[in-house]
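Scroll down for the structure; my scribbles are underneath it.
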Amino acid sequence: MLEYAVIIAACIAGLALGWLLAKVRYLPGLKQAQQEAAGLREALNDREEEIRGLRGLLETEQQERVKAQTRFEGAQDSLRRQGEILEDARKKLSETFQALSGDALKSNNQMFLDLAGGTINTLVTELKGDMDRRQEAIDALVRPLQEALQRYETHLREIESTRQSAYGDITRYITDLMKTQERLHEQTRSLTTALKVPNVKGRWGEITLRRVVEVSGMSPHCDFVEQPCLQAESGMKRPDLIIRLPRNRQVVVDAKLPISAYMDAYSAEDEEVKKDLLAKHAQSLRNHMISLSSKEYFRQFDPTPDFVVLFLASESFFSAALEHDRTLIEDAIDRNVVITTPTTLIALLRTIALTWQQHAASENADRILKGAVELFERVKVFARHFEKLKEGIQKTAQAYNAAVRSWESRVLPSADRLHRLGAIKHDNSLPRVEHIEDYLGGIAVDEGPEDGDELEQLGGEEG
9 MLEYAVIIAA CIAGLALGWL LAKVRYLPGL KQAQQEAAGL REALNDREEE IRGLRGLLET
69 EQQERVKAQT RFEGAQDSLR RQGEILEDAR KKLSETFQAL SGDALKSNNQ MFLDLAGGTI
129 NTLVTELKGD MDRRQEAIDA LVRPLQEALQ RYETHLREIE STRQSAYGDI TRYITDLMKT
189 QERLHEQTRS LTTALKVPNV KGRWGEITLR RVVEVSGMSP HCDFVEQPCL QAESGMKRPD
249 LIIRLPRNRQ VVVDAKLPIS AYMDAYSAED EEVKKDLLAK HAQSLRNHMI SLSSKEYFRQ
309 FDPTPDFVVL FLASESFFSA ALEHDRTLIE DAIDRNVVIT TPTTLIALLR TIALTWQQHA
369 ASENADRILK GAVELFERVK VFARHFEKLK EGIQKTAQAY NAAVRSWESR VLPSADRLHR
429 LGAIKHDNSL PRVEHIEDYL GGIAVDEGPE DGDELEQLGG EEG
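Under the working numbering, the first residue of the sequence shown is numbered 9, with each subsequent residue one higher.
Shown next as structure tokens:
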């Protein structure tokens, strides 16, 4: 069973590493693609806004052109009707004059017809000239519109070509983005499926907890103990971590939170189902917190811990629970349970590490004080030895000087008399013996504060 757990843990570690590598590898390209896509979208929006403006101008020009064409067609209809009226008048006049009888009126009729024909021809010529002028005016009015429309059409074709190219780039970027997201989703689904297995989930929490403790600078077996076996009335208990504190105190860390509801909520597509599963996850966290705060749980530890740390291997586990249970933190504190995530646990463990450093510094100060007191006692003994040595030297000097005085007052005068009386033939003088000055007694020594007193004062200040 342990071999399966190790194999599964190795698979999960490989999946997590692959997911991290994929994220590190594709995330910069993905961000760059998203930025370029956003830039292309902005450029496309500007182009579309410009196209809409040009289309508005084009529609206005087209309306003006339609109005001019309508006026031109109206003028042509009016000219055609006038020609028809003149043609009808001429026919009626011809019929009227033909109806008149008599040769007398023939010449007058012919003259009238000639005059009428000339008048009609003049009128037709004027009408044709007016129609030509109107046509020229219409052409002059329409020609700039046609040129502007041609320029607009050319510009629109260029914009459309640019838009198609931009859409192509956006499509490629979106395709790459979708592929990257699909790979991330596949790896996430694989990781989610693996984390639903109890052994793998527990091993992942233990590895995360061990990594957090190592980052905090703590040493195993010295500052903490992993998974100690504790025999309680309800059976064998195995907390994930026991952190040692100074003065034989300890903090218990538990990382056995059920996260199945959170994993199911992460995979759910329906918002209502997801909301219900997250509420279930928050309730599971609260129930686990209550079980850790029970007296039976605290009673199994010796000494009794000050509080229990409920460790969550991911920040999202905690934030999702807080969204559905706002008073979770306060209730946990009231029950001597501290809910932590990797970030907050690192801060807590760093604080404990600083406490150990201060405790070690305090112990060193105590040892230094004890050493100073011991040194002070030894210095006092050494000073007493010097005092005895001084007394011995003084007694020796006094005995020596007494012997010298006896030599000078008793022995030397007798020897001199014998020498003067001739008892001693050879001329050998006795050596002169000098007195020893009492330097120890004759020099006034300014004792001042002794070294022992200074050490005693130093020890009192440190204490």
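Note that CB positions come from ideal geometry on N, CA and C, so glycine has one too.
For residue i, the nearest candidate out of the options (CA to CA)
i: Pro266; options: His289, Ala329, Leu362; result: His289
i: Glu144; options: Thr162, His163, Ala76, Pro313; result: Ala76
i: Leu185; options: Ile360, Gln40, Leu336, Met297; result: Gln40
i: Glu57; options: Phe306, Leu164, Arg255; result: Leu164
i: Val176; options: Gln84, Arg49, Gly137; result: Sequence check: residue 176 is Gly here, not Val. Closest by alpha carbon: Arg49.
i: Pro311; options: Arg257, Asn295, Glu279, Glu331; result: Arg257
i: Glu338; options: Arg307, Ile298, Asn409, Leu153; result: Ile298
i: Val74; options: Ile146, Leu300, Glu277; result: Ile146
i: Asp85; options: Arg142, Arg255, Arg219; result: Arg142
i: Leu442; options: Asn409, Leu420, Ala361; result: Looking at the sequence provided, one finds Glu at residue 442 rather than Leu. Comparing Cα-Cα distances from Glu442 to each of Asn409, Leu420, Ala361, the minimum goes to Asn409.
i: Gln291; options: Leu336, Ala361, Arg255; result: Leu336
i: His332; options: Arg307, Arg375, Asp284, His296; result: Asp284
Rounded C-alpha distance that separates residue i from residue j
i: Ala263; j: Thr179; result: 46 Å
i: Val223; j: Leu253; result: 18 Å
i: Gly82; j: Met139; result: 11 Å
i: Ile167; j: Leu65; result: 16 Å
i: Ser422; j: Lys403; result: 28 Å
i: Asp314; j: Leu286; result: 31 Å
i: Gln406; j: Arg425; result: 28 Å
i: Val261; j: Glu371; result: 27 Å
i: Gly91; j: Glu67; result: 36 Å
i: Thr216; j: Leu353; result: 11 Å
i: Thr183; j: Gln366; result: 58 Å
i: Leu238; j: Ser327; result: Note on Leu238: pLDDT 48, under 50, position unreliable in the model; the coordinate value appears next. Going from the Cα of Leu238 to the Cα of Ser327 covers about 32 Å.
i: Glu72; j: Arg159; result: 17 Å
i: Glu304; j: Leu293; result: 19 Å
i: Ala380; j: Pro439; result: 53 Å
i: Ile59; j: Ala329; result: 51 Å
i: Glu214; j: Ile250; result: 13 Å
i: Thr359; j: Ser324; result: 24 Å
i: Ser414; j: Glu445; result: 16 Å
i: Arg428; j: Gly400; result: 40 Å
i: Thr351; j: Thr363; result: 19 Å
i: Lys282; j: Ile341; result: 28 Å
i: Val259; j: Val316; result: 6 Å
i: Lys99; j: Ile93; result: 10 Å
i: Pro247; j: Ala368; result: 27 Å
i: Gln154; j: Tyr181; result: 40 Å
i: Glu190; j: Gln43; result: 19 Å
i: Thr78; j: Gly61; result: 26 Å
i: Lys136; j: Arg151; result: 22 Å
i: His296; j: Leu377; result: 48 Å
i: Arg255; j: Ala361; result: 14 Å
i: Arg88; j: Arg63; result: 36 Å
i: Glu280; j: Ser268; result: 17 Å
i: Glu277; j: Arg219; result: 33 Å
i: Phe309; j: Asp374; result: 30 Å
i: Val389; j: Arg307; result: 53 Å
i: Thr133; j: Asp96; result: 17 Å
i: Arg418; j: His393; result: 37 Å
i: Glu395; j: Leu420; result: 36 Å
Paired residues, beta bridge with residue i - DSSP
i: Val345; result: Val316
Beta-carbon separation (whole angstroms), residue i vs residue j, contact threshold 8 Å
i: Arg55; j: Thr162; result: Incorrect: roughly 15 Å between the Cβ atoms, too far for contact.
i: Ala51; j: Ala174; result: 6 Å
i: Glu69; j: Ala156; result: 6 Å
i: Leu357; j: Val221; result: 6 Å
i: Arg334; j: Ser301; result: Their Cβ separation, rounded to whole angstroms, is 19 Å, which puts Arg334 and Ser301 out of contact at 8 Å.
Within-7 Å CB hit, residue i to chain D
i: Ala156; result: The structure shown contains no chain D; it is built from a single protein chain.
- Count the CB pairs spanning the segment 273 to 283 and the segment 376 to 396 that are closer than 8 Å, and state whether there are at least three. no
- Query: Is there contact between the segment 320 to 331 and the segment 342 to 358, where contact requires at least three CB pairs shorter than 8 Å?
  - Reply: yes
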